[in-house]
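Residues 216 to 804, numbered by this note's numbering, are exactly what the first sequence covers, in order.
C-beta atoms are modelled at their ideal positions from N, C-alpha and C, and glycine is treated no differently.
Here the structure comes first, spelled out in structure tokens, and everything after it is commentary.
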Amino acid sequence: MKIKRNQLCGNLNKDNIGETVKLNGWINTRRVLGGITFVDLRDRYGLVQVRFDNDLPENILTIVKQLNMEDVIAVEGEVQHRPEGSTNKNMLTGEIEVVVKEFEMLNKSKPTPFEIKKRETGSENLRLKYRYLDLRTEKLQKNILIRHKALQATREFLSNDKFMEIETPFFIKSTPEGARDFVVPSRVNLGKFYALPQSPQTFKQLLMISGFDKYFQIVKCFRDEDLRADRQPEFTQIDMEMSFIDENDIQKVSENMLKTIFSKTIGKEIVTPFPKITYEEAMEKYGSDAPDTRFEMIIENVEDFAKLTNFKVFHSALENDGVIRALKVKNGAEFSRKNIDELTELAKTYGAKGLAFVKYKENEFQSGISKFIDEESGKVLIEKLKLIDNDLVLFMADKWNVSLTVLGSVRKHLGKKMGLIDNSEISALWVTNFPLFEYNEEENRYQSMHHPFTSPNEEDWQYLENNPKKVNSRAYDIVINGQEIGGGSIRIHSQEKQKRIFSALNISEEEAKQKFGFLLNAFEYGAPPHGGIAFGFDRLVAILAGEPTIREVIAFPKTTTAQSLMIGSPDIIDEKQLKELGLKIEIEK
RNA sequence: GGGGUUGUAGUUCAACUGGUUAGAGCACCGGCCUGUCACGCCGGAAGUUGCGAGUUCGAGUCUCGUCAAUCCCGCCA
Numbered sequence: 216m217k218i219k220r221n222q223l224c225g226n227l228n229k230d231n232i233g234e235t236v237k238l239n240g241w242i243n244t245r246r247v248l249g250g251i252t253f254v255d256l257r258d259r260y261g262l263v264q265v266r267f268d269n270d271l272p273e274n275i276l277t278i279v280k281q282l283n284m285e286d287v288i289a290v291e292g293e294v295q296h297r298p299e300g301s302t303n304k305n306m307l308t309g310e311i312e313v314v315v316k317e318f319e320m321l322n323k324s325k326p327t328p329f330e331i332k333k334r335e336t337g338s339e340n341l342r343l344k345y346r347y348l349d350l351r352t353e354k355l356q357k358n359i360l361i362r363h364k365a366l367q368a369t370r371e372f373l374s375n376d377k378f379m380e381i382e383t384p385f386f387i388k389s390t391p392e393g394a395r396d397f398v399v400p401s402r403v404n405l406g407k408f409y410a411l412p413q414s415p416q417t418f419k420q421l422l423m424i425s426g427f428d429k430y431f432q433i434v435k436c437f438r439d440e441d442l443r444a445d446r447q448p449e450f451t452q453i454d455m456e457m458s459f460i461d462e463n464d465i466q467k468v469s470e471n472m473l474k475t476i477f478s479k480t481i482g483k484e485i486v487t488p489f490p491k492i493t494y495e496e497a498m499e500k501y502g503s504d505a506p507d508t509r510f511e512m513i514i515e516n517v518e519d520f521a522k523l524t525n526f527k528v529f530h531s532a533l534e535n536d537g538v539i540r541a542l543k544v545k546n547g548a549e550f551s552r553k554n555i556d557e558l559t560e561l562a563k564t565y566g567a568k569g570l571a572f573v574k575y576k577e578n579e580f581q582s583g584i585s586k587f588i589d590e591e592s593g594k595v596l597i598e599k600l601k602l603i604d605n606d607l608v609l610f611m612a613d614k615w616n617v618s619l620t621v622l623g624s625v626r627k628h629l630g631k632k633m634g635l636i637d638n639s640e641i642s643a644l645w646v647t648n649f650p651l652f653e654y655n656e657e658e659n660r661y662q663s664m665h666h667p668f669t670s671p672n673e674e675d676w677q678y679l680e681n682n683p684k685k686v687n688s689r690a691y692d693i694v695i696n697g698q699e700i701g702g703g704s705i706r707i708h709s710q711e712k713q714k715r716i717f718s719a720l721n722i723s724e725e726e727a728k729q730k731f732g733f734l735l736n737a738f739e740y741g742a743p744p745h746g747g748i749a750f751g752f753d754r755l756v757a758i759l760a761g762e763p764t765i766r767e768v769i770a771f772p773k774t775t776t777a778q779s780l781m782i783g784s785p786d787i788i789d790e791k792q793l794k795e796l797g798l799k800i801e802i803e804k
């Protein structure tokens, strides 16, 4: 490489006019006009137009005429003001150009599978295979930069607040509760396996016991579960833990940290403190524990109305411990039968048996269940929902969580479809007072809603053994624009209490000792009161970048079948490796 | 584990109700062009219609299976 850059393409401007500069970069586009050739040269910092005139030596001209997109070149030349009428206002460096005196071809490029300057010329499938090329695109360059800034802002903010970043091990051991673990066989300990951490949960609690009263780590976590747009098998968390604190301290630090991140990465000022609602209220009003509060449409209890109707579905639901809830859709009376059928189909995917509806038009109830509504019940419904002309009402009659989850999903769907969401808005809130346990129908037992180290509310300990449903916890989630982006809790810090939780979860004393003995022992040596939170960093960056999936903010993401199309992982390993590890593959069909 | 959508040239898409030699833009190759910036103009090459069966006189199109991508449900302490 003879011509080594002393300037950056995107940084040049009028002040450089007259200077002789050396540039290195990729060819974004080239325009050969016969006697003159223009090339838009690209580096990380932007584009600049480079001009090749006809008076260059023949050997250079021959190569220049054959330049292709994505060739890597070096040029030396003078920065000049473009002639009158030839400036480009759409280009940051559009007032100038570099007139080439010396040229060096650094590396040719084959035609790329898709055009870097026009990302949509490749499907996501294709771009994932050539991710290193996708990362050249303006969009991903921008997203990865936002991610970098968010990382720096986080570290700076927390370090300034006395938090220490401490690394915890990746090779740990498998735990009974929670997601499936990724496991790693140990060659030195034949027949034994490490597990990769789903989170550094127990380690950060141990660090509190060690006296590092403010810990954080930006850390990879691993979960072997099925993927989604917002879920990857390996993902990044901002993991935090503090001692001698309560919920308010953690929430305050979190709010200030998020405020700093939003401000420093995308220049957006968000308002703190964030509103708080309880889990129950979130479910009752929005049908979700991660409500999108950027639009209204509140779910209402319409049992008084339901009792007055002679609609059998309502009555049998109420007799079977069910609830009746309704969602009012403004102007929804205009929906066609097909529109409503689609909503019903959506409802069914969330476990609804059906979705009752009625339209309120010209002061009367029409279609759907209108024939079951008489004057008296109609009046109650109009009053409860403050119905006006052209409203549509959707009803769910089922178990509490089914009714609300279904209406919540319909609400979210309609919010998007009807354009009720202002995408420039950032709406953050805390959801608090979660139940400690949820019932797992399949396994016929209670399991932790968050994790087994979460402290119940002080006044709820009394119900732990006899009425676990009634126990709420000191857990809190942070929700932004309807996405859970963080969650944490005040932890248990007494051995005796932790044992009671394990026992309530049906984890035997023996198993608790085997899996978590180290933590239970540690609790005996002066464990301070502590708590923490973890943020889904990928989701946070996706919100910062305005992206719908976290794949767009991860440099090398995996597909929804947990594969890398680029490197072809996972892959088989050879016999020798298997033998060394004492493993044999048997796949049942 | 289940459901929806998709798979056609390097690539993005098209191809009617199952019917001639599967078309177009961009990219690529060749030629022309001194102020372009999605440069333009002329010409060219480019296909195992994801894969495998089946139905049919005939399948890109219909059926079944399979693989892959994606969205969702379950799952995700």
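Item, Value
"Proximal residues to Val314 (C-beta, below 6 Å), its chain only, five neighbours per side dropped", "Arg266, Gly292, Glu293, Gln295"
"Beta carbon of Met455 nearer than 7 Å to that of Phe437", "no"
"Closest Cα partner of Met423 within the set His708, Gly751, Glu767", "His708"
"Terminal residues of the alpha helix (DSSP H) in which Trp615 lies", "615-632"
"Met633 versus Ala548: straight-line alpha-carbon distance, rounded", "13 Å"
"Whole-angstrom C-beta distance between Ala541 and Leu607, which should lie under 8 Å", "Not really, about 10 Å apart at Cβ, beyond 8 Å."
"The region 621-636 contacting the region 512-519, beta-carbon criterion three pairs below 8 Å", "yes"
"Nearest candidate by alpha-carbon position, reference Ala757, set Lys354, Asp589, Gly797, Lys333", "Lys354"
"Cα-Cα separation, Lys712 to Glu495", "25 Å"
"Closest by C-alpha distance to Gly746, when choosing among Asp258, Pro671, Ser642, Gln447", "Pro671"
"Start and end residues, alpha helix (DSSP H) containing Glu299", "Here Glu299 belongs to no alpha helix (DSSP H), and DSSP marks it neither H nor E."
"When Tyr345, Ile381, Phe450, Glu310 are compared against Ala777, the one with the closest alpha-carbon", "Phe450"
"Spatial distance of Phe397 from Ala505 (CA atoms)", "27 Å"
"Residues that DSSP places opposite Phe717 in a beta bridge", "Per DSSP, none; premise fails for Phe717."
"C-beta contact flag for Gly761 and Ile700 at 7 Å", "no"
"Where the beta strand (DSSP E) through Phe399 begins and ends", "Note on residue identity: the sequence assigns Val, not Phe, to residue 399. Where Val399 is concerned, the enclosing beta strand (DSSP E) stretches over 398-400."
"Proximal residues to Leu798 (C-beta, below 7 Å), its chain only, five neighbours per side dropped", "Pro400"
"Rounded separation between Tyr345 and Arg552 - CA only", "45 Å"
"Nearest-angstrom Cβ-Cβ length linking Asp258 and Gly225, presumed shorter than 8 Å", "7 Å"
"Straight-line gap, Leu759 to Ile359 (C-alpha atoms, nearest Å)", "11 Å"
"Val694 and Val768 closer than 7 Å at C-beta", "no"
"Between the CA atoms of Lys474 and Phe378 - distance to the nearest angstrom", "17 Å"
"Test item: CB-CB of Phe510 and Leu635 under 7 Å", "yes"
"Residues bridged to Lys572 [DSSP beta-bridge criterion]", "In the sequence on display, residue 572 carries Phe and not Lys. DSSP output for Phe572 lists Leu609 as bridge partner(s)."
"Opposing strand residues paired with Thr336 [DSSP bridges]", "According to DSSP, which records beta bridges pairwise, Thr336 is partnered with nothing at all."
"Own chain partners of Thr669 with C-beta closer than 6 Å, once the 5 adjacent residues on each side are dropped", "Ser688, Ala690, Ser704"
"Residues bridged to Asn239 [DSSP beta-bridge criterion]", "Ala289"
"Close-in-space but distant-in-sequence residues of the same chain around Val528 (CB under 6 Å, 5 per side omitted)", "Ala612"
"Buried or exposed by the 16-neighbour rule on C-beta atoms within 10 Å, applied to Glu484", "exposed"
"Minimum C-alpha distance to Ser618 - residue among Met498, Ala289, Ile218, Arg362", "Met498"
"Other residues of its chain near Leu734: CB distance less than 6 Å, five sequence neighbours each side excluded", "Thr417"
"Classification of Leu405 by the beta-carbon crowding that lies within 10 angstroms, buried from 16 upward", "exposed"
"Nearest-angstrom Cβ-Cβ length linking Val573 and Phe520, presumed shorter than 8 Å", "Their Cβ separation, rounded to whole angstroms, is 11 Å, which puts Val573 and Phe520 out of contact at 8 Å."
"Secondary structure of Gln222, DSSP reduced to three states", "coil"
"Strand pairing of Lys491, partner residues [DSSP]", "Trp645"
"Contacts around Met664, its chain only, beta-carbon distance under 8 Å, and the 5 residues preceding and following it disregarded", "Phe649, Pro650, Leu651, Phe652, Glu653, Ser688, Ala690"
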